[in-house]
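Undergrad: Please find one structure pasted underneath; my questions will follow.
Chains as they are written, first to last, in this note's numbering: chain Y, 54 to 272; chain F, 814 to 1216; chain G, 26 to 415; chain V, 2 to 175; chain S, 86 to 299.
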């Protein structure tokens, strides 16, 4: 099985317009992935599945990843003319900018027929709030049906073209998406007397005099 | 009018009757007839009531032991008080009757079921002189009482006014009706050979031993053995026991027509099931296993009712043994087994029995020919139909991956 | 009989239902089997739409045992997630631990000593024996054998659990593997115990097969029931014995050749019909293969350290990056996908649950069959709700 | 001595038949019908004909009651089988009386003209099952076979008419 | 031929029925209250704190409240408050001791990670499994007094492991002793720089100690 770059070139050869970039994976596992654009994702997937040389017929794993907005402080060196006419001073200027986050869906593809290893596709939504739609790959691989429903349920990514997009783990009336990084736990839970940390703080807030406050050592 | 105990027989044989006559002697003339009837009824209820209690315990013990665990042994010594504990539990459980159930029928169903399954004991010859009722058409009476139990199952299913129990009651009825036929057809050869419908005469017809060792029981003849097997399979289905316990199966939506019953009514249904099981196996013993006949001449000293009880217990243990082992049949397979396998076999068995009775006179080498032809008439249809029944079903061989 | 007053759960959007009966005669009955139905192997629910006896639509409903295992994984260190993996598929804690350890070792590039690899293979094959015999027991229970085969399977399972307890300290929650090896070195008499078990297991399997495999009622109930084509199985991501029952030769022990599996010779049984009987038989034959592996592994167990001396127990911070490690668990391909950002907690901790994905085709197998068949088909798919709901 | 028991049985038969006619709930009336059939079987027993009595119970209480109940259930679309009884009008009452008068007269005439002398003792000489069998197989054999054939033909006809063409179910193809 | 599979199955159940009376392998039930299960040595239930001897449990706690186990515990069920003052420990060196050491056994899943990460062998896994209580909150939060158990009990439940731990501790004490003697010798010689800061993770140096109580 050729390397990721060769695969990308092969895909680009087949689909000239598609925007495919390689996302390097610094860890020793060296499982690099291909970032696809939402528009051409399904055709690429069909190609990967049906191309005689590739035949990726099993989509083993579909994972949702939440990349929240990142505040990047980049320091740039600026030479300021010294108002007092002295030599120009080099001073670092910190400029804060917010890089918009995204919801990402990672597909691990394997080929049972040709027994070769994972090709990892990544699809990213435009942002985390309003446009969170991605093309569903269930028509290509049936195994994505439940896993995409789980990503929809826990992350909030809407999959266009999914046959039965409903919540799968949480109950239908649930509003929030628990796996997002900025998920706030609902405060309605039964207090467990774990003796310390924010659990104890939350407990004190719930039950003014918790029955099991850890007593001071008896003298 | 009451049959006075014959004095010719051994002491143990007539002991129960002499006890009864002594007791009746104490009463004035007018009450004698009633009390002798009452004594027989009380005797049957006591014996089979206790047998029901200890059958439930035996079943759980055997099921336990088969599964390498002791079974109930906490109540009393070795769990002997367990049935009474279950009885108390059933009595103290709240008896919930659904609001829009048909009160009268809902109450009547278990009562009718238990009554009908008890009626069957009236004609079973427990011992040489221990026959509750001497009827000319005894076997027909037994199956008439048996056939009416379907009515009670329907009443239970309908009265609960619950869609699932009605659906399941319909299934139970389909099972009972489709196994009524093989049950009746399998005892007709016995009546043909014994020439009578009365159970006592059928048992006496199976008396005597060739060479003191081989008894003349019908089960030891080819058509008798086939009839016995069909009778037992049909009896299993009639009493909703293991391979056919579809109505209470957990794969069923809910617990069949017993869904809306709780407390003692639920226990009554199981009492009826066990009475039905005892009655059917009692009839099987009478028809095929020579009732109270001893297996060989020199064993005559053991009283006849002991032989009947022994054979009955062996059959009941067989019921439990099958329950511990076999999986359940699906509904369509169950009815297909009845209509396409058991009924044809029972009809062919009629032919074999006819051949057997016609060639009764053959002796010497002809005897072997007679046995050979009879065996052929039994085995070949079994094998041919067996293969057609299990056409698409066979153990498979498996290949292994090349790499 | 109008549709029961059970208000049907909201199921907007057409589902993948191929009309089994073109002409609808009579009323459809919507029944909810579960979540505490006696034969659904845990809190699992199926909304079944019945036309008389045959199933027209079957919607599985999960989530009753959902603890958000993956969010827990993100809030604790790598080591602290190891005891939680025991609670995923609570029948096979050793293979869950191993899958997680493989993923982390791939992420951080850790080496694993020879002896640890052999011990891992021995424990994984013991878990496979335990899981497959339990499954066969539960399947017979659904067919109605009133518990006898299940008790025999549990009798053997107890022996294996005693081995796990004397090694790792707990029967089911072993928490035994670490990144770079195992926690405790098995003693000589433990290995002798494992050898005794392996020698005795063949006799149990023969007795089990004598009781069940030739049984006409069982064959009638399971052959031709719940057929699955190999194309649909591959596309639906079905893995493990259910996939091999349809004739696809896909066993990660052969395909990936992870650990020291290439050193052992064992065969991968394949079925032809992909029905419930094949799934049952494949598991029985796989148990026999596991016995072969076990005896070879026990014979060839090398000396040496059980834990890579350089492996750090605390303060384990793998460099940024991601890795997807998978092994052939008893239920199928169990995998862990980890994204690390250099801190002590994983950034994303994802479990690839085989039973959850194998359920995708439950509806396709049950359409047109009766309720009694649906129970058996669910039993043959072999799900454990701890892994399905995570 | 038997006369009061006889009257009681007769009363049970007539009462259950009468109530069965009046009741609105079809299932209850069907079950009462079964009660009246068993009453008739009791009569046979009183007359000493055990075989006929048990055959009556086996056939009627076992078989035909099931047919009646299944027929009632499968034809009633509504949940419970309440039969809407229309109010009696003068015309209906008249027709009813006329019909019962006709039937009554025929039965009374048959009873009076039959020269069967009711014997003093209640129990007629016992006719054993063996003689019954011999009679059936002997002189009446032709009638017995004819009845058998008619029943089978009726059964097969019913099945052919009732059975819809079932679509080949994927149930059992291997 | 139809039925042979059924008969073979019946034969197997019959063999088990008969076998359960004479073959111990076919009768696996342990009648619990009367017959206690024989626990393997590695069996682990809730943790307990090891004290050097039974006479003065609070005085000879091995635990030095380093709170490593509190950080590493997956469900965060251990709660430690350091003591303000120091107390001489087994080897006579003044050490901090835990003023409050509470384990919430309703949350603890006895995964023994605390035992694995504890550098002082102060916490070990117990084998006591009959610990039902009536009070859901108070009784399940075990405090220091309820958790402390003597080293002899440790020898009783984990014999081989206890011997290894004691050997290792004794050897460490001997090594620490020589270092202390060497340091003392060095100190009596020229005034060397302040003794190198003791690496926190290194086991504490102890003065010679009388052999541990039997």
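For glycine and all other residues, C-beta sits at the position ideal for the given N, C-alpha and C.
For the candidate residues 411/G, 407/G, 415/G, 84/G, whose alpha-carbon lies nearest to that of residue 163/G?
TA: 407/G
Undergrad: Using the C-alpha atoms, what's the distance from residue 185/Y back to residue 206/Y?
TA: 13 Å
Undergrad: Would residue 1128/F and residue 1098/F qualify as a contact pair, given that the criterion is a beta-carbon distance under 8 Å?
TA: yes
Undergrad: With 8 Å set as the bound, which would you pick, yes or no: does the beta-carbon of residue 155/Y sit closer than that to a beta-carbon of chain G?
TA: no
Undergrad: Does residue 1072/F get closer than 8 Å to chain G when you measure Cβ to Cβ?
TA: Put simply, the CB of residue 1072/F is far from chain G, with every gap to its CB atoms at 8 Å or more.
Undergrad: Can you name the residues that DSSP bridges to residue 317/G?
TA: According to DSSP, which records beta bridges pairwise, residue 317/G is partnered with nothing at all.
Undergrad: Might you give, ordered along the chain, the residues of its own chain that have their beta carbon closer than 6 Å to the beta carbon of residue 1032/F, omitting 5 neighbours on each side?
TA: Hits under 6 Å: 1038, 1041, 1101, 1102.
Undergrad: How would you list, in chain order, the residues of chain S whose beta-carbon sits under 7 Å from the beta-carbon of residue 57/G?
TA: Within chain S, no residue comes near residue 57/G; the closest Cβ sits about 33 Å away, beyond 7 Å.
Undergrad: Quick check: is the beta carbon of residue 390/G nearer than 8 Å to any beta carbon in chain F?
TA: no
Undergrad: Nearest to residue 1146/F by CA position, among 341/G, 395/G, 199/G, 211/G, is which residue?
TA: When 341/G, 395/G, 199/G, 211/G are compared, the shortest CA-CA separation from residue 1146/F is found for 395/G.
Undergrad: Which one of 42/V, 103/V, 5/V has the shortest CA to CA distance from residue 14/V?
TA: Of the candidates 42/V, 103/V, 5/V, the one whose C-alpha sits nearest the C-alpha of residue 14/V is 42/V.
Undergrad: Would you verify that the beta carbon of residue 1113/F is, or is not, closer than 8 Å to some beta carbon of chain V?
TA: no
Undergrad: Report yes or no: do three or more beta-carbon pairs, one from the region 209-217 of chain G and one from the region 900-916 of chain F, lie closer than 8 Å?
TA: no
Undergrad: Of the residues 861/F, 1140/F, 1059/F, 895/F, which one's Cα is nearest the Cα of residue 1122/F?
TA: 861/F
Undergrad: Let me know if residue 117/S comes out buried or exposed under the rule of 16 or more other beta-carbons within 10 Å of its beta-carbon.
TA: exposed
Undergrad: How many whole angstroms separate the CB atoms of residue 194/G and residue 128/S, which I take to be in contact at a CB cut-off of 8 Å?
TA: Going by Cβ atoms, the distance from residue 194/G to residue 128/S rounds to 6 Å, so yes, they are a contact pair.
Undergrad: Grouping DSSP H, G and I as helix and E and B as strand, with all else coil, what is residue 151/V?
TA: Three-state DSSP puts residue 151/V in a helix.
Undergrad: Let me know the alpha helix (DSSP H) ranges lying completely inside the region 32-89 of chain V, each 4 residues or longer, listed in chain order.
TA: 51-57, 66-76
Undergrad: If I measure Cβ to Cβ from residue 229/S and keep anything under 6 Å in the same chain, skipping five residues before and after, which residues do I get?
TA: 186
Undergrad: With a CB to CB cut of under 6 Å and the five nearest residues on each side skipped, what residues in its chain are close to residue 932/F?
TA: 958
Undergrad: Excluding the 5 residues flanking residue 1015/F on each side, which residues of the same chain have their C-beta closer than 8 Å to its C-beta?
TA: Within the same chain, residue 1015/F has close Cβ partners 952, 1003, 1004, 1007, 1009, 1099, 1100, 1104.
Undergrad: Which residue's Cα is closest to the Cα of residue 173/Y: 123/Y, 226/Y, 164/Y, 92/Y?
TA: 164/Y
Undergrad: If contact means a Cβ-Cβ distance below 8 Å, which residues of the region 74-105 of chain G contact chain Y?
TA: 87, 88, 91, 93, 95, 96
Undergrad: With 8 Å as the limit, tell me which residues of the region 236-254 of chain G have their beta carbon closer than that to any beta carbon of chain F; keep them in chain order.
TA: 236, 238, 239, 240, 241, 242, 243, 244, 245, 246, 248, 249
Undergrad: Thinking just about the alpha-carbon of each residue, which of 155/G, 75/G, 52/G, 88/G is nearest to the one in residue 68/G?
TA: 88/G
Undergrad: Assess contact between the region 1183-1200 of chain F and the region 1074-1085 of chain F, defined as three or more Cβ pairs (one per stretch) separated by less than 8 Å. Is contact present?
TA: As far as the Cβ criterion goes, the region 1183-1200 of chain F does not touch the region 1074-1085 of chain F, which means the pair count is below three.
Undergrad: Just to confirm, is the Cβ distance from residue 111/G to residue 122/G under 8 Å?
TA: yes
Undergrad: Is there at least one Cβ from chain F nearer than 8 Å to residue 159/G's Cβ?
TA: Chain F, which has no Cβ nearer than 8 Å to the Cβ of residue 159/G, makes this no.
Undergrad: Leaving out five residues on either side along the sequence, give the residues of the same chain with a beta carbon under 7 Å from the beta carbon of residue 212/S.
TA: 124, 128, 130, 242
Undergrad: Report the residues of the region 74-101 of chain Y with a CB closer than 7 Å to any CB of chain G, ordered along the chain.
TA: 78, 79, 80, 81, 82, 84
Undergrad: Output the boundary residues of the alpha helix (DSSP H) element that contains residue 155/Y.
TA: Run containing residue 155/Y: none in the alpha helix (DSSP H); it sits in the beta strand (DSSP E), 155-164.
Undergrad: Please look up how many angstroms separate the CB atoms of residue 31/V and residue 73/V, rounded, as I've assumed it's under 8 Å.
TA: Indeed, because the Cβ distance is near 6 Å, the residues count as touching under 8 Å.
Undergrad: Quick check: is the beta carbon of residue 883/F nearer than 8 Å to any beta carbon in chain S?
TA: yes
Undergrad: Is it buried or exposed for residue 132/S, if we count other Cβ within 10 angstroms and need 16 for buried?
TA: buried
Undergrad: Leaving out the 5 sequence neighbours to the left and right, which residues in its chain are closer than 7 Å to residue 153/Y when beta-carbon positions are compared?
TA: Cβ-Cβ distances below 7 Å link residue 153/Y to 122, 180 in the same chain, with the five nearest sequence neighbours on each side left out; the list follows chain order.
Undergrad: Taking only beta carbons into account, state which residues of the region 192-214 of chain S come closer than 8 Å to chain G, listed in chain order.
TA: Answer in chain order: 194, 195, 196, 197, 198, 201, 202, 210.
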